[in-house]
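Counting from 3, one number per residue, gives the positions in the sequence shown under the numbering used here.
Single-structure report; data block below.
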Amino acid sequence: MATMLLCLVLMTGCATVEKHDTAPTARGGILGYLPAKQLPDMVALLPPPPATGSTAFALDQETSRASFPLRDSDRWALAIQDADLSFPAAAESFSCALNARITEQETPRLFRLLRRTLADAGNAVSRPKDTYKRPRPFMVNGERICTPGDEQRLRTSGSYPSGHTTAGWTWALILSEIAPERADAVLIRGRAFGQSRIVCNVHWLSDVNEGRTVAAAMVARLHVDPAFRADLEAAKAELAAARTKGLLPIRDCRTEAEALALPPVAEPQPTGK
């Protein structure tokens with residue numbers, strides 16, 4: 003009786019809780035593919051972030067400092083682009099790697115797949131971010147970031163693991179399956195997408211590395227979802243059709259290639275015992 007009264011008082015109803023566990027979870031108004039209960043438990047799967055004073059945190063700090071020479075370069079400009087996860091802009095992030103245009107009009111199922119998996123990625127990182135509330139690099143080193151307008155929001159969002167990296171690596175794994183002939187270019191782009199967060203001074207190396215772990219766990223779960231598999235197959239057909247029509251990327255692929263050709267973010271090895 004007490005439980006029933008509580009549900010009525012909260013105006014949510016116990017049935018609503020059950021529905022949320024079995025229905026896809028929305029984020030930013032967009033439904034992901036996975037219900038909450040099917041999301042990987044990343045608090046259980048990931049180790050805690052490196053502790054202050056540890057060798058791993060020293061490596062995080064060294065890698066962060068090693069990225070500073072890239073500021074105001076073409077690589078910095080690409081990192082600014084990679085920071086934008088809004089659509090339709092984000093849909094074109096991998097278009098150069100695919101050598102094909104991705105738009106809501108010309109590749110609607112692929113466009114939808116990218117949007118829905120972005121929602122899943124955001125849902126998957128929310129618990130560890132809230133659990134650890136790790137300060138971001140700019141909060142520790144006092145250096146500027148590539149998107150200063152985001153600073154206040156980023157200060158209230160935990161650094162570990164990287165949500166952008168999770169989204170980018172999720173997309174890279176999925177797109178390399180959709181276009182296996184472009185897999186190397188897609189995976190290189192996916193790795194760079196995560197490294198952009200180090201370049202931007204908003205994530206540590208360990209945030210980025212574990213973001214890829216979240217993505218791998220997410221993609222494994224996605225493959226058992228019928229709606230995801232249907233969109234995946236439709237996206238393969240759409241991409242093939244786009245290539246047949248000669249629909250090339252909208253982005254400046256030459257400038258992107260020049261940025262990616264710059265020395266990557268250094269990932270020095272820890273020293274000492």
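Just so you know, even glycine gets a beta-carbon here, dropped at the ideal spot from N, CA and C.
All of these numbers come straight from a predicted model, not from anything done at the bench.
Residue j beta carbon less than 8 Å from that of residue i
{"i": "Ala-123", "j": "Gly-165", "result": "yes"}
{"i": "Leu-41", "j": "Ala-126", "result": "yes"}
{"i": "Val-188", "j": "Ser-178", "result": "yes"}
{"i": "Val-250", "j": "Thr-119", "result": "It is worth fixing the name first, because residue 250 is Leu in this sequence and not Val. For Leu-250 and Thr-119, no; Cβs fall outside 8 Å."}
{"i": "Val-201", "j": "Ser-69", "result": "yes"}
{"i": "Leu-72", "j": "Leu-234", "result": "no"}
{"i": "Ala-261", "j": "Arg-77", "result": "yes"}
{"i": "Asn-203", "j": "Glu-153", "result": "no"}
{"i": "Trp-171", "j": "Arg-214", "result": "yes"}
{"i": "Ala-93", "j": "Phe-113", "result": "yes"}
{"i": "Leu-156", "j": "Val-221", "result": "no"}
{"i": "Pro-138", "j": "Ser-161", "result": "Per the sequence shown, residue 138 should be read as Arg rather than Pro. In contact: Arg-138 and Ser-161 (Cβ atoms closer than 8 Å)."}
{"i": "Leu-264", "j": "Ser-75", "result": "yes"}
{"i": "Ala-2", "j": "Arg-245", "result": "Limits of the chain in this structure are 3 at one end and 275 at the other, which puts residue 2 out of reach."}
Residue of the options minimising C-alpha distance to residue i
{"i": "Pro-130", "options": "Trp-78, Ala-91, Met-44, Ala-81", "result": "Met-44"}
{"i": "Arg-111", "options": "Gly-213, Ala-229, Pro-265", "result": "Ala-229"}
{"i": "Arg-231", "options": "Arg-29, Leu-36, Gly-31, Thr-27", "result": "Leu-36"}
{"i": "Ala-121", "options": "Ala-237, Cys-255, Gly-34", "result": "Gly-34"}
{"i": "Pro-51", "options": "Ala-81, Ala-239, Phe-140, Tyr-134", "result": "Tyr-134"}
{"i": "Val-216", "options": "Gln-83, Pro-163, Ser-66", "result": "Pro-163"}
{"i": "Gly-31", "options": "Arg-117, Thr-65, Arg-67, Leu-48", "result": "Arg-117"}
{"i": "Ala-46", "options": "Glu-212, Phe-113, Asp-254, Arg-155", "result": "Glu-212"}
{"i": "Glu-64", "options": "Gly-160, Val-142, Thr-246, Gly-192", "result": "Val-142"}
{"i": "Ser-1", "options": "Glu-240, Leu-241, Leu-48", "result": "Since the first residue shown for the chain is 3 and the last is 275, residue 1 is missing from the structure and cannot be characterised."}
{"i": "Ala-91", "options": "Asp-254, Leu-264, Ala-259, Pro-265", "result": "Asp-254"}
{"i": "Ala-169", "options": "Thr-158, Ala-194, Asp-186, Arg-256", "result": "Ala-194"}
{"i": "Gly-196", "options": "Trp-173, Ala-102, Thr-167, Ile-190", "result": "Thr-167"}
{"i": "Ala-259", "options": "Gly-55, Arg-245, Ala-79", "result": "Ala-79"}
Three-state secondary structure (DSSP) of residue i
{"i": "Thr-65", "result": "helix"}
{"i": "Val-204", "result": "coil"}
{"i": "Val-221", "result": "helix"}
{"i": "Ala-187", "result": "helix"}
{"i": "Ser-142", "result": "The question names Ser, but residue 142 is Val in the sequence shown. If DSSP states are grouped into helix, strand and coil, Val-142 belongs with the helices."}
{"i": "Leu-120", "result": "helix"}
{"i": "Ser-161", "result": "coil"}
{"i": "Arg-105", "result": "Inspection of the sequence shows that residue 105 is occupied by Thr rather than by Arg. If DSSP states are grouped into helix, strand and coil, Thr-105 belongs with coil."}
{"i": "Lys-247", "result": "coil"}
{"i": "Gly-55", "result": "coil"}
{"i": "Leu-72", "result": "helix"}
{"i": "Lys-135", "result": "coil"}
{"i": "Ile-147", "result": "coil"}
{"i": "Ala-17", "result": "At Ala-17, the pLDDT of 35 sits below 50, so the modelled position is not reliable and the matter cannot be decided from this model."}
{"i": "Pro-49", "result": "coil"}
{"i": "Ser-95", "result": "coil"}
{"i": "Asp-84", "result": "helix"}
{"i": "Asp-233", "result": "helix"}
{"i": "Val-226", "result": "coil"}
{"i": "Ala-181", "result": "coil"}
{"i": "Pro-265", "result": "coil"}
{"i": "Thr-172", "result": "helix"}
{"i": "Thr-215", "result": "helix"}
{"i": "Arg-332", "result": "Outside the displayed range of the chain (3 to 275) lies residue 332, so it cannot be described from this structure."}
Does the pairing of the region 197-211 with the region 91-109 give three or more beta-carbon distances under 8 Å?
no
Do three or more CB pairs link the region 242-258 to the region 78-97 at distances below 8 Å?
yes
Three or more C-beta pairs below 8 Å linking the region 81-92 and the region 144-155
Result yes; three or more Cβ-Cβ pairs closer than 8 Å.
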